[in-house]
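For reference, the structure is listed below as structure tokens.
Protein chains: 2
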Amino acid sequence: MLEKGTADSIGRHGNAAGPAGRKRRTRKMNEITSLERRPEGGPGPIRRTALHDTLVSHLRDMIIEGDLAPGTRLHEGQLGEQLGVSRTPLREAIKYLASEGLVELVPSRGAVVKRFSAKDVKDMLTVLQALEELAGKLACDAASDTGIAEVRALHDEMVHRYRAGDRMQYYKLNQQIHTAIVQLSGNAALADMHGVLQTRLKRIRFIGHEGPEKWAAAVAEHEEMIAALEARDKAKLSEVLGRHLVNAWERVRDSV
Amino acid sequence: MLEKGTADSIGRHGNAAGPAGRKRRTRKMNEITSLERRPEGGPGPIRRTALHDTLVSHLRDMIIEGDLAPGTRLHEGQLGEQLGVSRTPLREAIKYLASEGLVELVPSRGAVVKRFSAKDVKDMLTVLQALEELAGKLACDAASDTGIAEVRALHDEMVHRYRAGDRMQYYKLNQQIHTAIVQLSGNAALADMHGVLQTRLKRIRFIGHEGPEKWAAAVAEHEEMIAALEARDKAKLSEVLGRHLVNAWERVRDSV
DNA sequence: ACAGAAAATGCTGCATACAGAATACAAAAG
DNA sequence: CTTTTGTATTCTGTATGCAGCATTTTCTGT
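Read top to bottom, the protein sequences are chains A and B.
Under the numbering used here, residues 307 to 562 are what the first sequence spells out, in order.
Under the numbering used here, residues 307 to 562 are what the second sequence spells out, in order.
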């Protein structure tokens, strides 16, 4: 990007002509203020993330973290300027998020951040419960020992954060563990559906800060979970995951 | 706009002069060949469907019905011309479908229709099974009598089509019934997830034409389903729905 | 002073223009 | 004849321009 703008301005557009000339683009071009095109973290060919992906996850984060509150209208011009991109890719990202269920498209008046009622949340948790119960059963059969060990590692780390009282890291590891267990099932469709719901719920969980007792209970449930997984005890794991989510509702119900 | 193109061509691009000049736009503008902006069928204010929605469902259909085979690259220019829309809304629709999982975005080279392996299909059916079992349980509690009656009506109609040997209508009613039962559960998130999977599987089912015996078996299962629903027998309905999908795999496994 | 109409404003929706990446093609070297 | 490298073409990615719809503001008549 860097010099592109310059190169651009040099030899182009006999057009010109623009009476008074078109105001020279003060544009920040691909400045992508806070948007990094991160250089791939995992295996595979080093390929820069496309702007689309970057925008999508950035907007997602803004919604989850409350920068864009439910009901907020996504103003294309303003938001685009703020992020340093033009309306076109921004609109594409918004459409993507709409399909994901995070925003709602209103004809002739753009997109608004979707607002979830308490019932919506409860319903999502109900489905999430069914999915995780299934994942638990499948994972006990399909998971590799190393896969299980990795989840155990995440769990230990999480407990560590819990003892340290680091809510944010705890929260993130918590999500990672659930996601990891679903991954262990080896069922891509299941992982997809789980991911969508997990994302929609992230905002809620992000807010809901349960008290010490409830928090402790959640950690205890996680202990059971890991134990059941290591024992490859289908019934037990499924049961604990289910119970965990029933309790999750208790923990967040006041937040919504 | 009409003449804008002309105005455009006049004073621009010393550039080039493109020898032979750019071929004059034969564009059909908003002709929207086969794409109707239909004037709303149901209740509520008469509001024309946005082009976005139209494009999305049109593309979906093209994929489901095989006009766009798995692995096919979605050529923006060509496809846009074919449909009579410019690339911008088309790209937005494609992004939407990508989020829905019907197409895959490949950086710098556009979108291709996603190809599902046999395992993918089996995995999807596994999840679908879990979701429908849940839906069955919920529906027995939540459904209204009229709601159940409507499903019964669909079912009777379907049996009618079955006897007439009308596969296409049978297929459509079949899908509608499953969707309707999920709706009866009153759980929007569940309906969402179910819808996504149902859509992804539509292409497969569209192809899979089982023989007479299997077809008969499927109808028999539907009979059981409706009976269980009318009796509001949670366990039974859930069980039948689950069995129905296990068998569904048998019916389509050779098609994938 | 107030209701309603008309004009003005702002924003979305769609189209088009431009630049860079990927691929296909062709010529040259081995 | 095969491989390689340079070049042309094609297509995607992004920006910009234009028109219509929504909404708000300002007039005008009672």
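Cβ atoms here follow ideal geometry from the backbone N, Cα and C, with glycine treated the same way.
Kindly indicate which three-state DSSP category residue i falls into: helix, strand or coil?
i      : result
A:P349 : Confidence at A:P349 is low in this model, with a pLDDT of 36, below 50, so its placement is unreliable and the value that follows should be read with caution. Three-state result, A:P349: coil.
B:A470 : helix
B:L411 : strand
A:L380 : strand
B:V525 : helix
B:V488 : helix
B:V418 : strand
A:N553 : helix
A:D451 : helix
B:L374 : coil
A:G501 : helix
B:N493 : coil
A:G390 : coil
Between which two residues does the alpha helix (DSSP H) carrying residue i extend?
i      : result
A:V362 : 357 to 370
B:V562 : Where B:V562 is concerned, there is no enclosing alpha helix (DSSP H), given that its DSSP letter is neither H nor E.
A:G517 : Neither: A:G517 is in no alpha helix (DSSP H) and is coded neither H nor E.
A:A399 : 393 to 406
Closer than 7 angstroms by C-beta to residue i: which residues in its own chain qualify, once you throw out the five before and the five after it? Chain order, please.
i      : result
B:K420 : P376, G407, L408, V409, E410
A:S544 : E439, G442, K443
A:P349 : Its pLDDT being 36, under 50, A:P349 is placed unreliably in this model, and the value from its coordinates should be taken loosely. Here the set comprises nothing.
A:N493 : L444
B:E463 : L479
A:S363 : none
B:E530 : V546
A:L460 : L479, Q482, I483, A486
A:G327 : With a pLDDT of 31 at A:G327, under the threshold of 50, the predicted position of this residue should be treated as unreliable, and no value is reported.
A:H358 : P395, E398, A399
Applying a beta-carbon distance threshold of less than 7 angstroms, which residues of chain B neighbour residue i?
i      : result
A:R397 : E398
A:A417 : Under the 7 angstroms cutoff, chain B gives no residues; its nearest Cβ is about 11 angstroms from A:A417.
Hey, could you find the ends of the beta strand (DSSP E) residue i is sitting in?
i      : result
B:A537 : Element bounds for B:A537: n/a, residue is neither H nor E.
B:V433 : Looking at the DSSP string, B:V433 is not in any beta strand (DSSP E); the run it does join, the alpha helix (DSSP H), is 424 to 448.
Mind pulling the chain A residues with CB within less than 7 angstroms of residue i?
i      : result
B:D429 : N493, A494, A495, L496
B:T360 : Ordered by position in chain A, no residue passes the 7 angstroms Cβ test against B:T360, which lies about 12 angstroms from the chain.
For residue i, I'd like the list of residues in its chain whose CB is within less than 8 angstroms of its CB, leaving aside the five on either flank, ordered along the chain.
i      : result
B:K540 : G442, K443, C446, D447
A:F265 : Chain A is shown only over 307 to 562; residue 265 of chain A falls outside these bounds and no answer can be derived.
B:V457 : I483, A486, I487, L490, I532, L535
B:A424 : R559, V562
B:L496 : L437, L440, A441, L444, V488
A:E527 : V546, R549, H550, N553
Classify residue i: buried if its beta carbon has 16 or more other beta carbons within 10 angstroms, exposed otherwise.
i      : result
A:V552 : exposed
A:E519 : exposed
A:H393 : Correcting the residue identity first, residue 393 of chain A is Arg in this sequence and not His. So A:R393 ends up on the exposed side.
A:R397 : buried
A:D498 : buried
A:T432 : buried
A:E556 : exposed
B:V546 : buried
B:Q504 : buried
B:P395 : buried
A:D451 : exposed
B:A537 : exposed
B:V502 : buried
B:A449 : buried
Can you pull the chain A neighbours of residue i, defined as C-beta to C-beta under 9 angstroms?
i      : result
B:L264 : The question about residue 264 of chain B has no answer here: the residues shown for chain B are numbered 307 through 562.
B:P376 : Correct list: empty, because the minimum Cβ distance to chain A is about 16 angstroms.
B:A356 : L411, P413, S414
B:T485 : Ordered by position in chain A, no residue passes the 9 angstroms Cβ test against B:T485, which lies about 16 angstroms from the chain.
Can you list the residues of chain A that residue i reaches, using a CB-CB cut of under 8 angstroms?
i      : result
B:G407 : D498
B:V433 : L437, L440, N493, A495, L496, M499
For residue i, go through chain B and note every residue whose CB falls closer than 8 angstroms to its CB, in chain order.
i      : result
A:D258 : Nothing in the structure corresponds to residue 258 of chain A, since chain A is present only between 307 and 562.
A:Y402 : K401, Y402, A404, S405
A:L503 : A495, M499
Residues in the same chain with beta-carbon distance under 6 angstroms from residue i, minus the five sequence neighbours each way, listed in chain order, please.
i      : result
A:S340 : Interpretation of A:S340 is limited by its pLDDT of 41, a score under 50 that renders its predicted location unreliable; the figure taken from the coordinates is listed afterwards. Same-chain partners within the cutoff: there are none.
A:R469 : none
A:K508 : I370
A:G548 : Q435, E439
B:L374 : M368, V419
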